[in-house]
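Note that the working numbering has the first sequence beginning at 8, numbered continuously upward.
Yeah, the Cβ is synthetic: ideal placement off N, Cα and C, and Gly gets one too.
Note that the coordinates shown come from a computational prediction; the quantities given were computed from them, not determined experimentally.
First up is the structure itself, then whatever we jot down about it.
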Amino acid sequence: MEGANGYRKGLWTVEEDRILMDYIRVHGKGKWNRIAKVTGLKRCGKSCRLRWMNYLSPSVKRGDFSQEEDDLIIRLHNLLGNRWSLIAGRVPGRTDNQVKNHWNTHLSKKLGIKKHKSKSEGSSQAQSIEAKEAHSMPSNPDSKPPSEDKNGETGPEVREDLPRSMTMLANTQDMEMGTEDYESSLWFSTGDLDLNAPSLMQFLDGHVLDFVWDGL
DNA sequence: AACCGTCGCAACCGCCGAATT
DNA sequence: CAATTCGGCGGTTGCGACGGT
Numbered sequence: 008m009e010g011a012n013g014y015r016k017g018l019w020t021v022e023e024d025r026i027l028m029d030y031i032r033v034h035g036k037g038k039w040n041r042i043a044k045v046t047g048l049k050r051c052g053k054s055c056r057l058r059w060m061n062y063l064s065p066s067v068k069r070g071d072f073s074q075e076e077d078d079l080i081i082r083l084h085n086l087l088g089n090r091w092s093l094i095a096g097r098v099p100g101r102t103d104n105q106v107k108n109h110w111n112t113h114l115s116k117k118l119g120i121k122k123h124k125s126k127s128e129g130s131s132q133a134q135s136i137e138a139k140e141a142h143s144m145p146s147n148p149d150s151k152p153p154s155e156d157k158n159g160e161t162g163p164e165v166r167e168d169l170p171r172s173m174t175m176l177a178n179t180q181d182m183e184m185g186t187e188d189y190e191s192s193l194w195f196s197t198g199d200l201d202l203n204a205p206s207l208m209q210f211l212d213g214h215v216l217d218f219v220w221d222g223l
């Protein structure tokens, strides 16, 4: 159970959880590598951080994903690919690990998406779409078709205040989300989508969530 | 009841960029 | 400025739970 460096591995015990929570209550988050020294906990800093972020943090929502969360994740994944931390940042109470697991175990099956083995292919583009479940997406029979937009707007809107790529992003709210459309909607390459660019981050913070919710 | 295969989730690993020394 | 440390991310693995035979 202990690695060569003396750190424990595997599932956390109740006692370990308690020690970690006590530490964070007193010292706050961060300085994860200090925890082992300060508390005697035989866990590396990374493991402590992960345990807190994915399980112990009071902001983490437990339990099944709702249909709304599923739809939101599907749409965000469609936009962002496997940027789990970005996606999770826009699904309240869910962690990147939760979102990633949920995608890999439930949603990718639901959508008929196969994972490729190859690591180099990365991102959502590494995934192929099986035609068998075409038009099953978003698999919620109650979900409103995009055409029933709240404003009754029809057709893509060109936003002149945004770069072209942003406009295209924004217009994805009007996508028909059949599986084939899902595939074809992956219009960007990871190179096109520089998520570290401040403009895009501002865009995401200010816009994406709005239209994502509107589209549900 | 025992065995076996599958599933789902928690945790680990390797890598990278930022911050610090 | 180089080396080291730290925090974060995405991909992958390990294992317990569960269902079928």
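Between which residues of its own chain and residue i is the CB-CB distance below 6 Å, once the five residues before and five after are set aside?
i	result
asparagine 61	Thr102 and Asn104
tryptophan 39	Gly52, Cys55 and Arg56
Let me confirm a value: residue i is counted as buried when at least 16 other C-beta atoms fall within 10 Å, else exposed. Which label applies?
i	result
glycine 17	exposed
valine 21	exposed
glycine 35	exposed
arginine 97	buried
asparagine 89	buried
arginine 69	exposed
arginine 41	exposed
Does the distance from the CB of residue i to the CB of residue j come in under 8 Å?
i	j	result
isoleucine 26	threonine 46	yes
tryptophan 19	arginine 56	no
serine 67	tryptophan 91	The residue asked about is misnamed: residue 67 is valine in this sequence, not serine. Against a cut-off of 8 Å, the Cβ pair of tryptophan 91 and valine 67 comes out as no contact.
aspartate 24	leucine 63	yes
For residue i, collect the residues of the same chain with a Cβ closer than 8 Å to its Cβ; drop the 5 residues on either side in sequence, then sort them by chain order.
i	result
valine 84	According to the sequence shown, residue 84 is histidine rather than valine. Cβ neighbours of histidine 84 beyond the five flanking positions: Ile94, Trp110, Leu114 and Ser131.
alanine 238	This structure cannot settle anything about residue 238, because the visible part of the chain is limited to 8 through 223.
asparagine 108	none
Enumerate in chain order the residues of its own chain whose CB-to-CB distance from residue i is below 7 Å, with the five nearest sequence positions on each side excluded.
i	result
glycine 13	Lys49
phenylalanine 72	His109
(message) Which runs of the alpha helix (DSSP H) at least 4 residues long sit entirely within the stretch 16-58? Give them in chain order.
(response) 21-34, 39-46 and 52-58
(message) When you compare the stretch 76-85 with the stretch 41-54, are there three or more beta-carbon pairs, one atom per stretch, that lie closer than 8 Å?
(response) no
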